[in-house]
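Let me begin by presenting the structure, written as structure tokens, before commenting on it.
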Amino acid sequence: MTDQDLRAAVAAGVLGAEESYRALLRSIVETARAIFAAKASSIFLLDEATDELVFEAVAGEGEETLVGMRLPSGTGIAGWVVSSRQPLVIEDVGRDPRFGREAAESTGFVPKGLMAVPLLLEERSLGVLEVLDRPQRSRFTLAEMDLLGLFAGQAAIALDLLQRARTARSVMEDGGEEVAVVARIAERLQTLEGPRRDAGLRLLAALEEVLRG
Amino acid sequence: MPPVSEPESDEPEELPAWSLPADAVERIAAPEGWPDRVTREWAWGSSTGAGVTVCILDSGVETGHPLVGRVDRAVAISVAEDESVLAEEDGEGDLCGHGTACAGIIRSLAPECALVSVRVLGAGYTGSGPVLLAGLRWAVEQGYDVINMSLSTTKSQFVSTLHELADRAYFDRTILVASAHNMPVKSYPWRFASVVSVGSHESADPYEVFSNPEPPVELFARGLELEVPWIGGGTLRVTGNSFATPHVAGLCALILSKHPGLQPFEVKSVLRLVSTNVEVNR
């Protein structure tokens, strides 16, 4: 068990469950969809291990069925955006050679227009946020691009947290009981209050002293 | 001692940083002028770009596209495992469309400039850092008058080399016109003072530029919903700083063609003086 594994185990105990980050992602796509008055909005995670884009959150068209669906990472607009690290606005996908019609058809919903923005955190490209079929009534503006960038900032942080939670959990699962017990102690300490918490901390300090020899 | 008072809370409205929405134009009005008025007519009136070479460091340029016309030279850059750099004549054209779009925009402004394509990106607008650096170094060494760089990297490991190349271009009288990222992230080389950095405005006038009082983005040019040449001989409607940048590269070609002795900082000054938001032009 490495130092990193232990840290991850403690993190797993205190970070909170993957479910809360998924809920955060879902709330981001719901808000984005509402603000742009779009038919749908979705967040893809770039799974570097398998080189695939995974639907992590969907609001609107496809929300019942798409979460968890995987596409090769080079696919269509999302693939272009995740690798170029630049946003893209397309009013008519039918005219754009970058649009992956087959992939869109496999999701059951082919949009007419879309906006896609990369989820960037420091030097990493974590995924893509898309807003599909905003009303055609108005001309696209640069202010909308800026707004989409703000949502992307939120979504990137949420995706990062989700990935950390998953890494921590997988370390726990692979590390067996010796790692799990550390995580359970960390989790338990989080929930304790008052004299019991103080006593627990004293005991841990004493344990540390014994272990140090 | 009297208490130090807090500054008044009427903070100025946020200035545009990465783009210039139409309703922000009034807020960047610049009062200062110049003793003798530099106008668009003085800067590039009757210029065609003849005698100026513009290099497009991008995904290649489609040969024979009617909206691009003649491409004087096209090379593809690659870096071998032993780190040696190859600049080979490029017969593949454009793998993604992005470079063709930039070339078409420059051609539309400067119909008689010479165009050179240096391909550093592959299909899907992807490329590696070492190839980008090698391509820029190669282009700077050729001494082209203008280099259009509608791309940037977020990788900090490349920053010092990019900086050195940008400075070298500046002192060699090569104007490096670099696209700002479309999102508020740190990327390079557009953040360097030795390049001309470009973001988008919403006006439809291809000759119109705005000078940003709050760099690092220095100029805003046309970048919203414009029809550009794309691969396959057709056109595509696009938006983004990638397409604002070649407008400024094209204007640099026009200015240098008419005023061949100007240095990069002087061309940048001319662009500021013809900016729509500078008092005398409003």
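Protein chains in written order, with the numbering used here: chain P, 2 to 214; chain C, 1139 to 1420.
We put the CB at the ideal spot given by N, CA and C, even for glycine.
As the structure is a computational prediction, the values presented were derived from the model and not from experiment.
Alpha-carbon spacing of residue i relative to residue j, whole angstroms
i: alanine 1272/C; j: leucine 1195/C; result: 11 Å
i: proline 1249/C; j: tryptophan 1182/C; result: 13 Å
i: proline 112/P; j: glycine 63/P; result: 12 Å
i: serine 1298/C; j: leucine 149/P; result: 31 Å
i: glycine 1231/C; j: valine 1192/C; result: 17 Å
i: leucine 1357/C; j: asparagine 1350/C; result: 6 Å
i: tryptophan 81/P; j: arginine 99/P; result: 7 Å
i: valine 1258/C; j: arginine 86/P; result: 16 Å
i: glutamate 106/P; j: glutamate 53/P; result: 18 Å
i: phenylalanine 45/P; j: glutamate 131/P; result: 8 Å
i: phenylalanine 1330/C; j: leucine 212/P; result: 53 Å
i: glutamate 20/P; j: arginine 96/P; result: 39 Å
i: leucine 1314/C; j: glycine 109/P; result: 45 Å
i: glutamate 1346/C; j: leucine 1409/C; result: 10 Å
i: valine 1334/C; j: alanine 1307/C; result: 11 Å
i: glycine 154/P; j: isoleucine 186/P; result: 33 Å
i: proline 73/P; j: valine 129/P; result: 14 Å
i: glutamate 1227/C; j: aspartate 161/P; result: 43 Å
i: alanine 200/P; j: methionine 173/P; result: 26 Å
i: tryptophan 1180/C; j: threonine 1414/C; result: 15 Å
i: glutamate 1279/C; j: valine 1323/C; result: 29 Å
i: aspartate 167/P; j: alanine 184/P; result: Looking at the sequence itself, residue 167/P is arginine, so the reference to aspartate does not match. Answer to the nearest angstrom: the Cα atoms are 14 Å apart.
i: aspartate 1343/C; j: tryptophan 1328/C; result: 23 Å
i: arginine 165/P; j: proline 88/P; result: 25 Å
i: valine 1223/C; j: valine 1256/C; result: 13 Å
i: aspartate 175/P; j: alanine 169/P; result: 10 Å
i: alanine 1382/C; j: serine 1341/C; result: 11 Å
i: histidine 1203/C; j: alanine 50/P; result: 40 Å
i: proline 1159/C; j: arginine 189/P; result: 51 Å
i: valine 1355/C; j: threonine 76/P; result: 32 Å
i: glutamate 31/P; j: phenylalanine 152/P; result: 11 Å
Whether residue i touches residue j by CB criterion (8 Å)
i: leucine 133/P; j: alanine 41/P; result: yes
i: glycine 1198/C; j: glycine 1237/C; result: yes
i: leucine 121/P; j: isoleucine 78/P; result: no
i: aspartate 1305/C; j: serine 1332/C; result: yes
i: leucine 25/P; j: alanine 159/P; result: yes
i: glycine 1361/C; j: histidine 1339/C; result: yes
i: valine 1412/C; j: arginine 1165/C; result: no
i: leucine 1374/C; j: glycine 1235/C; result: yes
i: leucine 1225/C; j: valine 1213/C; result: It is worth fixing the name first, because residue 1225/C is alanine in this sequence and not leucine. Closer than 8 Å, so yes.
i: tryptophan 1156/C; j: glycine 1281/C; result: no
i: glycine 61/P; j: arginine 34/P; result: yes
i: alanine 1168/C; j: valine 1416/C; result: yes
i: aspartate 1283/C; j: valine 1190/C; result: yes
i: arginine 29/P; j: alanine 157/P; result: For clarity, residue 29/P is isoleucine in the given sequence; the question names arginine instead. Taking 8 Å as the Cβ cut-off, isoleucine 29/P and alanine 157/P do not qualify as a contacting pair.
i: isoleucine 1369/C; j: tryptophan 1276/C; result: no
Residue burial classification, residue i (beta-carbon count within 10 angstroms, cutoff 16)
i: valine 182/P; result: exposed
i: serine 43/P; result: buried
i: threonine 66/P; result: exposed
i: arginine 135/P; result: buried
i: glutamine 1295/C; result: exposed
i: alanine 206/P; result: exposed
i: serine 1317/C; result: buried
i: glycine 1229/C; result: exposed
i: leucine 1303/C; result: buried
i: glutamate 209/P; result: exposed
i: glutamate 57/P; result: buried
i: glutamate 1200/C; result: buried
Beta-carbon proximity list for residue i, same chain, < 6 Å, skipping 5 on both sides
i: glycine 214/P; result: none
i: asparagine 1320/C; result: Gly1378, Asn1379
i: glycine 1187/C; result: Ala1248, Glu1250, Cys1251, Ala1391, Leu1392, Ser1395
i: serine 126/P; result: Val83, Arg86, Pro119
i: glycine 1388/C; result: Ile1244, Leu1247, Ala1248
i: cysteine 1240/C; result: Ile1194, Asp1196, Asn1286, Ser1288, Pro1384
i: glycine 1242/C; result: Leu1205, Val1206, Val1366, Pro1367
i: arginine 23/P; result: none
i: phenylalanine 141/P; result: Val90
i: valine 55/P; result: Leu46, Asp48, Arg71
i: glycine 195/P; result: none
i: phenylalanine 198/P; result: It should be noted that the sequence gives arginine, not phenylalanine, for residue 198/P. Within the same chain, arginine 198/P has no close Cβ partners at all.
Residue i CB to nearest heavy atom of the ligand GTP below 7 Å
i: methionine 116/P; result: The ligand GTP is absent from the structure shown, which contains no ligands of any kind.
Nonlocal neighbours in the same chain, by C-beta distance under 8 Å from residue i, ignoring five residues either side
i: methionine 1139/C; result: Because the pLDDT at methionine 1139/C is just 49, under 50, the model does not fix this residue reliably, and the value given afterwards should be weighed accordingly. Closer than 8 Å at Cβ, skipping near neighbours: no residue.
i: glycine 1267/C; result: Thr1291, Lys1293, Gln1295, Phe1296
i: leucine 1300/C; result: Leu1271, Leu1274, Thr1291, Tyr1326, Pro1327, Phe1330
i: aspartate 93/P; result: Lys113, Gly114
Cβ neighbours of residue i in the same chain (closer than 7 Å, five flanking residues each side left out)
i: aspartate 1210/C; result: Ala1252, Leu1253, Val1254
Which full runs of the alpha helix (DSSP H) of 4+ residues lie inside the segment 89-139 of chain P, going along the chain? 102-107
Can you give, in chain order, each stretch of the beta strand (DSSP E) that sits fully within the segment 1158-1214 of chain C and has at least 3 residues? 1191-1196
Uninterrupted alpha helix (DSSP H) stretches inside the segment 1258-1317 of chain C (no shorter than 4 residues): 1267-1280, 1297-1309
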